[in-house]
Amino acid sequence: MTTAVSPARAFAVGAFGIATFSCMDAVMKGLVIAIGIYDTMFWRSVIAAGFTAALWLALCRRRPTRAALRLHLVRGTVSTVMALLFFWGLARVPMAQALALSYVAPLLALALAAVLLKERVPRAAIGASLIAFAGVGVILIGQARADLGHDAFVGAIAILVSAFCYAWNIILMRQQSLAADPIEIIFFQSVVVAVLLALAAPWLASPISVEHAPALVLAAFLATASLGILAWAYAHAPASYLAPTEYTSFLWAAFFGYTIFGEIVSVWTIAGAALIVGGCVAAARRKPEPFAQAETMVP
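In UniProt numbering, the protein residues as written are 1 to 299.
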């Protein structure tokens, strides 16, 4: 038996998941600046693994299939590399610019969805993403006029590399959602990331301070919640349809960057944001066939 969900509903849930992720980005930026990338990532992952283990034991406990386990391991590994690069760069680059650079990922995901998932990519989805990407270009032109320094340049390179990982992550998220339920996905994602980071703990980890413990717990909670929300959305709509929701994170990045870190939002940024929102609205107006859950091929 299959279940169908309105594409508009799946799109809205996906956008909410991105908003939750954006809140976590702001918390993580502050933590990386304060205690460094490794301790931030390691302790957040350990706490998140505790959250998700409680959920999995209470609500799921189902043993994953071999295909699902393979996807969990692959996505957990890709996510570890992606997150280390992104948050390291985010600490050195204004949030709005960092998110703008990361927007190459959904564009790559559109092509990967066609190749790996055999999804048809409608012209409307391509056009909507190109409109949003034009907004990214406007933002980058504005940023190029500012002297950001060497650290910001290296941070931007790290974010661009992480975007390639994220494009693959989007596709893996879609495949995971068809092979496992959201609780299983977020549990194994958290565990794989925590285990991989724990390999370096004897040499790199420092004890959690009382001052930073609440922020680490908040970051872990937001990461867990956003993973579950996005897992549900990608289980009910094609990756090519949901990819443009990624662009809404720019608005949140501009807001948090200004209110928390004092990062000024320029006219270039506002103009680019208008194009980004326009692309997302165009994508949301497309009405594809309702999407039914099904099994997926594991590459």
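Cβ coordinates follow ideal geometry from the N, Cα and C atoms, glycine included.
Computed from a predicted model, the values in this text were never measured in an experiment.
- Query: Relative to the C-alpha of R63, which residue among I185, M41, M95 is closest?
  - Reply: Per the Cα distances, I185.
- Message: Contact between the stretch 11-30 and the stretch 218-231 is defined here as three or more beta-carbon pairs at a separation below 8 Å; is this criterion met?
- Response: Taking one beta carbon from each stretch, the stretch 11-30 and the stretch 218-231 have 3 or more pairs nearer than 8 Å; the two touch.
- Message: Which same chain residues end up closer than 7 Å to S206 when comparing Cβ atoms and leaving out the 5 residues on each side of it in sequence?
- Response: Within the same chain, S206 has close Cβ partners D39.
- Looking only at C-alpha atoms, which of V27, I37, F153 sits nearest to residue 314? The requested residue 314 does not occur in the structure, where the chain is confined to residues 1 to 299.
- Message: What residue range does the alpha helix (DSSP H) around Y247 cover?
- Response: Premise fails: Y247 is in no alpha helix (DSSP H) and is neither H nor E.
- Message: Taking the straight line between their C-alpha atoms, what separation do you get for H150 and A243?
- Response: In this model, H150 and A243 are separated by some 31 Å (Cα to Cα).
- What are the uninterrupted segments assigned as alpha helix (DSSP H) that are 4 or more residues long and contained completely in the UniProt domain "EamA" (20-140), given in chain order? As far as the UniProt domain "EamA" (20-140) is concerned, its whole alpha helix (DSSP H) runs of at least 4 residues are 37-59, 66-90, 95-102, 104-116.
- Item | As assigned by DSSP and simplified to three states, the class of S209 | Look at S209 here: in three-state DSSP terms it is coil, with no helix or strand label.
- Query: Skipping 5 residues on each side, what residues in its chain have a beta carbon closer than 6 Å to that of L160?
  - Reply: The beta carbon of L160 sits closer than 6 Å to those of L101, all from its chain and outside the five residues before and after it, given in chain order.
- Query: S129 to A163, Cα distance in whole Å?
  - Reply: Answer to the nearest angstrom: the Cα atoms are 15 Å apart.
- Query: For the putative contact between G89 and A96, defined by C-beta atoms under 8 Å, what is the C-beta separation to the nearest angstrom?
  - Reply: Rounded, the Cβ-Cβ distance is 13 Å, inconsistent with contact.
- Query: Could you give the distance in angstroms between the alpha-carbon of R120 and the alpha-carbon of I47?
  - Reply: Approximately 39 Å, taken between the alpha carbons.
- The alpha helix (DSSP H) with V202 in it runs from where to where? The sequence as given places Pro at residue 202; Val does not occur at that position. 201-204 is the extent of the alpha helix (DSSP H) around P202.
- Whole-angstrom C-beta distance between A10 and A237, which should lie under 8 Å: At roughly 4 Å, the Cβ-Cβ gap stays under 8 Å, so A237 and A10 are in contact.
- Other residues of its chain near C165: CB distance less than 6 Å, five sequence neighbours each side excluded: Annotation for C165: V78, V81, M82 place their beta carbon closer than 6 Å to its own, counting only its chain and skipping 5 residues before and after.
- Message: Taking 8 Å as the limit between beta carbons, can you name the residues of its chain near L69, skipping five residues before and five after?
- Response: Counting only Cβ-Cβ distances below 8 Å, and skipping sequence neighbours, we find F188.
- Whole-angstrom C-beta distance between A271 and V138, which should lie under 8 Å: Between V138 and A271 a beta carbon distance of about 5 Å is seen, short of the 8 Å cut, so the two are scored as contacting.
- Message: Quick check on V265: does DSSP put it in helix, strand or coil?
- Response: When DSSP states are grouped into helix, strand and coil, V265 belongs to the coil group.
- Task: Go ahead and label R61 buried or exposed: buried means 16 or more other beta carbons lie within 10 angstroms of its beta carbon, across all protein chains shown.
- Result: With fewer than 16 other beta carbons inside 10 angstroms of its own, R61 counts as exposed.
- Specify, as a first and last residue, the run of the alpha helix (DSSP H) that A198 falls within. Per DSSP, A198 belongs to the alpha helix (DSSP H) from 182-198.
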